[in-house]
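Engineer: If you're matching positions, the sequence shown starts at 411 in the working numbering and goes up one per residue. Sharing a structure with you now.
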Amino acid sequence: MSAADKFQQAVADRHQYAQEWKKRTGGKVVGYLCTYVPEEIFYAAGMLPVRIIGSHEPESVTSPYVFGMFCSYCRDCLAQGLQGRYDYLDGVSTAHCCVHSYQTFDSWKRHIPAEYFYYVSMPQLIKSRGAQRSMLSEIEVLKERVETDLGLSISSPQVEQAMKVYDRNRSLMRRVYELRRLDNPPITGAQCMNMVIASQIMDKQEHSQLVEELLKDLEAHSPKRETGVRLMVAGHTDSVDVISVIEGLGTTVVADDLCFGSRYFWNTTPDDNDLFVAMARRYLERPPCPMKDLHGVRLRPRYLLEMAKDFGVQGAILIRQQFCDPHEYDMPAVKRMLEENGIPSIDLEQDITIPLGQLRTRVEAHLELVQQEIA
Ligand code: SF4
Ligand code: SF4
411 MSAADKFQQA VADRHQYAQE WKKRTGGKVV GYLCTYVPEE IFYAAGMLPV
461 RIIGSHEPES VTSPYVFGMF CSYCRDCLAQ GLQGRYDYLD GVSTAHCCVH
511 SYQTFDSWKR HIPAEYFYYV SMPQLIKSRG AQRSMLSEIE VLKERVETDL
561 GLSISSPQVE QAMKVYDRNR SLMRRVYELR RLDNPPITGA QCMNMVIASQ
611 IMDKQEHSQL VEELLKDLEA HSPKRETGVR LMVAGHTDSV DVISVIEGLG
661 TTVVADDLCF GSRYFWNTTP DDNDLFVAMA RRYLERPPCP MKDLHGVRLR
711 PRYLLEMAKD FGVQGAILIR QQFCDPHEYD MPAVKRMLEE NGIPSIDLEQ
761 DITIPLGQLR TRVEAHLELV QQEIA
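Spelled out as structure tokens, the structure:
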């Protein structure tokens, strides 16, 4: 089995992987919703952090707990918990994002059994004067709480080692992403997304070994498919199927800005004499999600334009979960910035279940527009 296939398999078997890890190591597993959770703290304590993701199946269990107009990602994740699919989790964590994610976490805490709950009150204005101090204090509190809960002490060398393991994993995935700049990228967007989701659910060292294997595979074989139209996908989707449908229409997704994609790993930890300050800075300085980009001069539109130019993108697909205000807030400015620079875009909304036929029709129409633009 190729490394790319192993990532796909790991994503499909994610619950089994975590349960086997637990049996094998005797360690604790902590699920998290938002990628602003400083996972390195859990890793340093010997825990396995796993991202909670939905199943895209119809659900009827969340309505007593969260309002029906909460985002489809949150409802889908909560449904997984209420249906017992994450009953192996010892702890659940999230970082401050939006009301939907807060209430999802709160409902999990009230209605789904787990031993530990960790809410990280990540600052919203990441460029404000107090942001670093606030993030640093959240990291220190998280560390103390994990130490108390598990009855252990997390040493600085353990934290440093965890940060190294995470940074190595980030750098390796970035090397894979850099190959997408090529005229004929050796890897598809769907394969990249499987790699990133696998990183969010596997032990990082094991995952890094597989990324090295993938890099060797990519160097040894030339691409077997036509690249077609070069697209960027930005926003929020946790569905590899969506990317596969888009790539089944004569395109390649050569760049993404997703928290199940590049936003998760793009930057490594900056140099700093203080370990925890370095960790705080890494989370504050990463490519921001819309909820963290609420400053007067917003960073995301320009950042996405630069990414599009760097990766030779010809068209963009801006995707968001149904009822997600933060990503809706982001759309007009991003769309305008891309279109003013000759990159046509469409916005797509994703519900829990994904009608792939409808999606295909909308993307096809957009591709006609892109073809006219680049003709
Ligand atoms: S969109 Fe960003 S801030 Fe919001 S839950 Fe996802 S990772 Fe966290
Ligand atoms: S930012 Fe959007 S997708 Fe993420 S949790 Fe909030 S509402 Fe859901």
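Yeah, the Cβ is synthetic: ideal placement off N, Cα and C, and Gly gets one too.
Pull up the DSSP beta-bridge partners for ILE756, would you.
Structural biologist: For ILE756, which the question treats as bridged, DSSP gives the partners ILE727.
Engineer: Let me check understanding here. Comparing Cα to Cα, which of SER503, GLY725, ALA785, LEU443 lies closest to THR661?
Structural biologist: Cα-wise, what sits closest to THR661 is GLY725.
Engineer: Could you give the uninterrupted runs of the beta strand (DSSP E) lying entirely in the segment 574-645, keeping only those of 3 residues or more?
Structural biologist: Runs of the beta strand (DSSP E) inside the segment 574-645: 639-645.
Engineer: Give me the Cα-Cα distance between ARG691 and THR763, rounded to the nearest whole angstrom.
Structural biologist: Going by the C-alpha atoms only, they are around 37 angstroms apart.
Engineer: For my contact list, ALA644 and LEU728 are in at a C-beta cut-off of 8 angstroms; report their separation, rounded to the angstrom.
Structural biologist: The pair is a contact, with the Cβ atoms about 6 angstroms apart (cut-off 8 angstroms).
Engineer: Helix, strand or coil for PHE837? Go by DSSP, reduced to three states.
Structural biologist: In the structure as shown, the chain begins at 411 and stops at 785. Residue 837 is therefore absent and cannot be evaluated.
Engineer: Tell me which residues share the same chain as GLU695 and place their Cβ nearer than 7 angstroms to its Cβ, disregarding the 5 neighbours each side in the sequence.
Structural biologist: Excluding positions up to five away in sequence, the list reads ASN677, PRO680.
Engineer: Write down the C-beta distance between TYR453 and ALA572 rounded to the nearest angstrom, noting that I regard them as a contact closer than 8 angstroms.
Structural biologist: The pair is a contact, with the Cβ atoms about 4 angstroms apart (cut-off 8 angstroms).
Engineer: DSSP state of VAL502, grouped into three classes?
Structural biologist: Of the three classes helix, strand and coil, the one that applies to VAL502 here is strand, per DSSP.
Engineer: How many angstroms separate the CA atom of TYR496 from the CA atom of GLY437?
Structural biologist: Approximately 16 angstroms, taken between the alpha carbons.
Engineer: For GLY540, tell me which candidate among GLU657, VAL707, VAL687 has the shortest Cα-Cα distance.
Structural biologist: Minimum Cα distance to GLY540 is reached at VAL687.
Engineer: Please identify the residue among VAL471, GLN610, MET717 whose C-alpha is closest to the C-alpha of VAL663.
Structural biologist: Among VAL471, GLN610, MET717, the Cα nearest to that of VAL663 belongs to MET717.
Engineer: Should LEU779 be labelled buried (16 or more other beta-carbon atoms within 10 Å of its own) or exposed?
Structural biologist: By the 10 Å Cβ count, LEU779 comes out exposed.
Engineer: Taking the Cβ atom as the reference point for each residue, do GLU548 and SER531 lie within a distance shorter than 8 angstroms?
Structural biologist: Taking 8 angstroms as the Cβ cut-off, GLU548 and SER531 qualify as a contacting pair.
Engineer: Which residue marks the beginning of the beta strand (DSSP E) containing VAL421, and which one marks its end?
Structural biologist: Not the beta strand (DSSP E): VAL421 falls in the alpha helix (DSSP H), residues 413-422.
Engineer: I need the boundaries of the beta strand (DSSP E) containing PRO711, first residue and last residue.
Structural biologist: From DSSP, PRO711 is part of no beta strand (DSSP E) but of the alpha helix (DSSP H) over 710-720.
Engineer: Looking at GLN610: is its Cβ nearer than 8 angstroms to the Cβ of ARG461?
Structural biologist: Against a cut-off of 8 angstroms, the Cβ pair of ARG461 and GLN610 comes out as a contact.
Engineer: Report the residue from LEU766, VAL509, GLY494 whose alpha carbon sits nearest the alpha carbon of ILE522.
Structural biologist: When each option's Cα is compared against that of ILE522, the closest is GLY494.
Engineer: Under 8 angstroms between the Cβ atoms of ARG585 and LEU625?
Structural biologist: Going by C-beta atoms, ARG585 is nearer than 8 angstroms to LEU625.
Engineer: In angstroms with no decimal places, state the Cα-to-Cα distance between VAL575 and CYS669.
Structural biologist: VAL575 and CYS669: Cα-Cα distance of roughly 20 angstroms.
Engineer: Is it the case that the CB of LYS537 approaches a heavy atom of ligand 1 more closely than 7 angstroms?
Structural biologist: Not so, every heavy atom of ligand 1 lies at least 7 angstroms from the Cβ.
Engineer: At the level of alpha carbons, what is the spacing between VAL569 and PRO698?
Structural biologist: Roughly 24 angstroms separates the two Cα atoms.
Engineer: What do you reckon, are the CB atoms on VAL723 and PHE675 nearer than 8 angstroms?
Structural biologist: Against a cut-off of 8 angstroms, the Cβ pair of PHE675 and VAL723 comes out as no contact.
Engineer: Measuring only the C-alpha atoms, how far is ALA665 from MET642?
Structural biologist: Between ALA665 and MET642, the C-alpha separation is close to 5 angstroms.
Engineer: Compute the Euclidean distance between the alpha carbons of ASP648 and LEU560, then round it to the nearest angstrom.
Structural biologist: Those two C-alpha atoms are separated by around 31 angstroms.
Engineer: If you reduce the DSSP assignment to three classes, tell me which class PHE527 lands in.
Structural biologist: It is a strand residue.
Engineer: Report the CB separation of THR445 from ARG673 in whole angstroms; it is logged as a contact under 8 angstroms.
Structural biologist: With a Cβ gap of about 7 angstroms, THR445 and ARG673 count as contacting.
Engineer: Cα separation between LEU709 and ARG434?
Structural biologist: When rounded, the distance between both Cα atoms is 43 angstroms.
Engineer: Smallest Cα separation from VAL471: which of CYS481, LEU488, GLY456?
Structural biologist: Cα-wise, what sits closest to VAL471 is LEU488.
Engineer: DSSP on ARG461, reduced to helix/strand/coil?
Structural biologist: Correct three-state label for ARG461: strand.
Engineer: Does ligand 2 have even one heavy atom less than 7 angstroms from the beta-carbon of ASP735?
Structural biologist: The answer is yes for ASP735.
Engineer: CYS481 and MET701 - do their beta-carbons sit closer together than 8 angstroms?
Structural biologist: Cβ atoms of MET701 and CYS481: not closer than 8 angstroms.
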